[in-house]
Amino acid sequence: MRLGRPILVGRPFFCPIMTDTSFSKAYRFFAMGSPCEVRFDADDPDTVQIFGRLAEEEVARIESAYSRYQPDSLLSKVNRSHGAAVEVTPEMAALLGYALECHVMSDGLFDISCGVLREIWTFDGSDNVPTPDAVAALLPRIGWDKIAFSGTHITIPSGMEIDFGGLGKEYAVDRVLMLLNSKTDYPFLVNFGGDLRVSGPRRDGRAWRIAIEGVDPGEDSQGLIEIRNGALTTSGDARRFLLKDGVRYSHILNPKTGWPVENPPRSVTVAAATCMEAGILSTLAMASGAAAEAFLETEGVRAWVIR
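Counted the way numbering that gives the first Met the number 0 counts, the sequence shown spans residues 0 to 306.
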């Protein structure tokens, strides 16, 4: 296994697989394009079902408001507004404010308006790299500087759109953890497509133990990680890339150029207090390309990087 250099401590690009399952029971569902699981350190199966359903309902609520795939979502309404101002909910205003803060912090490398690049980039492992002209044609439809956001209303020009894909799943993890923490004292772990957060240590005081799956297809499970508090997220191109003439194109796109970031790590995993914090830091590290390690050291976070 090719372990990355530890910035502080963490795990490489792996999909977590729960281990020590004898002490916990899981509620599973599919949402946000990912397998989702909430695992409880509880003996009562009714408890698992009750709180698991609460988690699933909360995720469904978030998707119904912020998914670009649901035509009646508030996000879709914004994207169909054709330049008209749209009033947003306090929750959406908070998400937009966070996205704007991340945009400024990253000097424009994080931009929720760059989703239009999906029209020409499909990272399916093929050699289907778009032409420079096709990329250049989309750049006028990208950029936070073209969006007006007052805190209660948002106005985006016709032809532009916004997308919470870069933070929505992490937000859902944090929301579910907050919701369930207010309902039960049982320890639990929320894992949505590999982005996870735990409510605290197990009932016996021990950490949650998570097996890790190798970065490359077919690689055996490798090692364990223990986590008592906080969140883990991973950004990487192990399964989403293009390969043409010996050049590997990462799915991490630079919104300023419309092209994949140059010299990114294969993966970055970050441990932080919340899933949203870990998620934006792992994404920005990938977007930093060759400077990923330096970025993480500056941020002072626990992380693994694989080149």
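Ideal Cβ placement from N, Cα and C applies to all residues, glycine included.
What three-state label does DSSP hand His250 in the structure shown?
-> Position 251 of the sequence shown holds residue 250. Coil.
Item to check | Neighbourhood of Asp236 by C-beta, 6 Å cutoff - its chain only, sequence neighbours within 5 removed | outcome: Working through the sequence shown from its first residue, we reach residue 236 at position 237. So the list reads Ser249, His250, once near-sequence residues are dropped.
Which same chain residues, not among the five before or five after Glu90, have their C-beta less than 8 Å away from its C-beta? Here the question's residue 90 lines up with position 91 in the sequence shown. The answer, listed in chain order, is Ala64.
* To do: Look at Arg174 and Ile61 and say whether their C-beta atoms are less than 8 Å apart.
  => Here residue 174 refers to the residue found at position 175 of the sequence shown. Here residue 61 refers to the residue found at position 62 of the sequence shown. Yes, these two residues count as a Cβ contact at 8 Å.
Residue closest to Ala83, alpha-carbon to alpha-carbon, out of Ile146, Ala272, Asp184: Indexing the sequence shown from 1 puts residue 83 at position 84. Comparing Cα positions, the closest option is Ile146.
task = In angstroms with no decimal places, state the Cα-to-Cα distance between Trp143 and Leu53.
result = To locate residue 143, count along the sequence shown from 1; it is residue 144. To locate residue 53, count along the sequence shown from 1; it is residue 54. When rounded, the distance between both Cα atoms is 35 Å.
Drop a sphere of 10 angstroms on the beta-carbon of Ala270, count the other beta-carbons inside from all chains shown, and report buried for 16 or more, exposed for fewer. Position 271 of the sequence shown holds residue 270. Buried, since its Cβ has 16 or more Cβ neighbours within 10 Å.
Worksheet item: Based on Cα-Cα distance, which residue from Asn190, Ser157, Pro156, Phe240 lies nearest to Phe122?
Response: Working through the sequence shown from its first residue, we reach residue 122 at position 123. Nearest option by C-alpha distance: Phe240.
Using a Cβ-Cβ cutoff of less than 6 Å, which residues in the same chain neighbour Ser287 once the five nearest sequence positions on both sides are dropped?
Position 288 of the sequence shown, counted from the start, is the residue given in the question as residue 287. Hits under 6 Å: Phe294.
Could you check the C-alpha separation between Lys76 and Ile153 for me, to the nearest Å? Against the sequence shown, residue 76 aligns to sequence position 77. Against the sequence shown, residue 153 aligns to sequence position 154. The straight-line gap from Cα to Cα measures roughly 11 Å.
Open item on the list: Tell me which residue opens and which closes the alpha helix (DSSP H) that Gly95 is part of.
Closed with: Within the sequence shown, the letter at position 96 stands for residue 95. Position check: residue 95 holds Leu in this sequence, whereas Gly was assumed. It spans 89-104 - the alpha helix (DSSP H) in which Leu95 sits, taken as one unbroken run.
Return the bridge partner residues of Trp120 from the DSSP annotation. Indexing the sequence shown from 1 puts residue 120 at position 121. Trp120 is not bridged to any residue.
Could you tell me the alpha carbon to alpha carbon distance between Tyr170 and Ser112, rounded to whole angstroms?
Translated into positions along the sequence shown, residue 170 becomes position 171. Translated into positions along the sequence shown, residue 112 becomes position 113. Those two C-alpha atoms are separated by around 18 Å.
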